[in-house]
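In order, the protein sequences belong to chains C and R.
Residues in the first sequence are numbered from 6 upward in steps of one, following the numbering used here.
Residues in the second sequence are numbered from 6 upward in steps of one, following the numbering used here.
All C-beta atoms in this analysis are idealised placements derived from N, C-alpha and C, irrespective of residue type, glycine included.
Here the structure comes first, spelled out in C-alpha cells, and everything after it is commentary.
There are 2 protein chains.
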Amino acid sequence: MTDALDATFSALADPTRRAILAMLLEDDMAVTDVAEPFEMSLAAISKHLVVLASAGLVSQEKRGRVKWCKLEPDALRAASVWMQGFGQMDAVDLDAFEAFLAQELPG
Amino acid sequence: MTDALDATFSALADPTRRAILAMLLEDDMAVTDVAEPFEMSLAAISKHLVVLASAGLVSQEKRGRVKWCKLEPDALRAASVWMQGFGQMDAVDLDAFEAFLAQELPG
DNA sequence: TTGATATTCAACCATTTGGTTGACGTTCCG
DNA sequence: CGGAACGTCAACCAAATGGTTGAATATCAA
C-alpha cells in the first residue's frame with residue numbers, strides 16, 4: 006500500500022537526508038565519507054542511506070570494503086512532476102495532470 | 006530548526022494529504038466536504054488539514070460555521086525548485102542550485 | 001429557544017521514526 | 001596471522017505520527 010510517492014516524499018522530509026542527496030549530487034561517496042560532516046553516528050547515517058535507497062533516490066554498490074553511494078535522480082522525477090502540476094494550475098495540461106492525480110484519490 | 010522544506014515534504018509524504026491537495030486543486034472546499042470521500046473520522050481529516058495549513062500548502066478561512074480550505078500552490082514552489090535541481094543535473098545553472106542547497110549542509 | 005450542523009479539542013492508543021551504543025562480519029594491509 | 005577500517009545488526013529509547021472516541025464550541029435555522 007506504500008506508494009512510491011510516500012517513500013519519496015518522506016525520504017525528502019528529513020534535512021539530513023536532503024543534505025546527503027546534495028553531497029551525492031557532487032560525487033559518488035562511500036558511506037563513511039557521507040557520514041563525516043554530520044554530528045551523528047555512522048549507524049544513523051547508514052540508516053538514512055537505507056531510507057534513501059529504498060525510496061530509489063540513491064543506489065549503493067559494494068566494492069571491497071567500501072559501499073559506494075550514488076544519486077539516482079530519476080526517482081525524483083515522478084515526485085517532481087506531481088509537484089509541478091500544482092505550480093502550473095493555469096497551464097493547458099491540467100486535465101492530464103488531474104488524470105495522474107486521480108490514481109491517488111480514495112474510493 | 007524545522008525547515009520549511011521539512012514541513013512541505015513531510016506534509017506531502019502522506020497519501021491522504023496528497024489526495025486532499027488534489028481535491029482542492031479543483032475547488033475550495035469546506036472541511037466536512039474534504040472529509041466526505043475518506044473512510045476516516047472528520048477529526049482525522051481536520052488534523053491533516055492542520056498539517057497542510059502549517060506547511061503553508063493550504064489556507065483556511067472561516068466564514069460562519071464553515072471553514073473554507075484553499076490550495077496555496079506557492080508553498081510548493083520552493084520544494085519544486087529543490088527537486089527540479091536534481092533532475093537537471095546537467096543544466097547550466099548547477100552552481101546556483103548548489104548554492105541553494107548549501108543552506109542545508111551541516112556546519 | 002431548541003436543535004442540527006460544522007469543526008475542533010482532549011485524552012488515549014499503536015506504530016513509526018530518528019537517534020544511541022556495543023557487538024559483529026568483511027575486507028584490506030603489514 | 002593479527003589488527004585496523006568499513007559498514008551493518010540488534011537492542012533499546014524518546015518523541016512524533018496517524019488514528020480513534022467523546023465532549024465542547026460556534027453558528028445557523030426553525
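- Residues 47, 50 of the same chain have their beta carbon placed closer than 6 Å to that of residue 40 of chain C, with the five preceding and five following residues left out of the count.
- For residue 29 of chain R, same chain residues with a beta-carbon under 8 Å away, outside a window of 5 residues either side, are 39, 63, 74, 75, 76 in chain order.
- A Cβ of chain C is located within less than 8 Å of the beta carbon of residue 88 of chain R.
- According to the DSSP assignment, residue 51 of chain C belongs to the alpha helix (DSSP H) that extends over 47-59.
- Contact of residue 23 of chain C with chain R is assigned, a C-beta pair being separated by under 8 Å.
- Partner residues in the beta bridge of residue 76 of chain R, as assigned by DSSP, are R/63.
- Assignment of residue 35 of chain R by DSSP, reduced to helix, strand and coil, places it in the strand class.
- Under the Cβ criterion of 8 Å, residue 18 of chain C is counted among the residues facing chain R.
- For residue 11 of chain C, the enclosing alpha helix (DSSP H) starts and ends at 9-17.
- In the structure shown, residue 82 of chain R adopts helical secondary structure according to DSSP, grouped into three states.
- Taking a Cβ-Cβ cut-off of 9 Å, the neighbours of residue 10 of chain R in chain C comprise 17, 18, 20, 23, given in sequence order.
- As far as DSSP is concerned, residue 70 of chain R takes part in no beta bridge.
- Under the 8 Å criterion on CB atoms, residue 81 of chain R is classed as interfacial with respect to chain C.
- At a cut-off of 8 Å between beta-carbon atoms, residue 46 of chain R makes no contact with chain C.
- For the options C/32, C/25, C/36, C/60, the alpha carbon positioned closest to that of residue 9 of chain C is the one of C/60.
- Residue 20 of chain R carries a helical assignment under DSSP once its states are collapsed to helix, strand and coil.
- Just so you know, the alpha carbons of residue 11 of chain C and residue 81 of chain R end up roughly 16 Å apart.
- Burial is judged here by how many other beta carbons sit within 10 angstroms of a residue's own beta carbon; residue 23 of chain C has at least 16 and is buried.
- Taking a beta-carbon distance threshold of 8 Å, residue 60 of chain C does not count as an interface residue toward chain R.
- Listed along the chain, the chain R residues whose CB falls inside 7 Å of the CB of residue 40 of chain C amount to none; the nearest CB is some 11 Å away.
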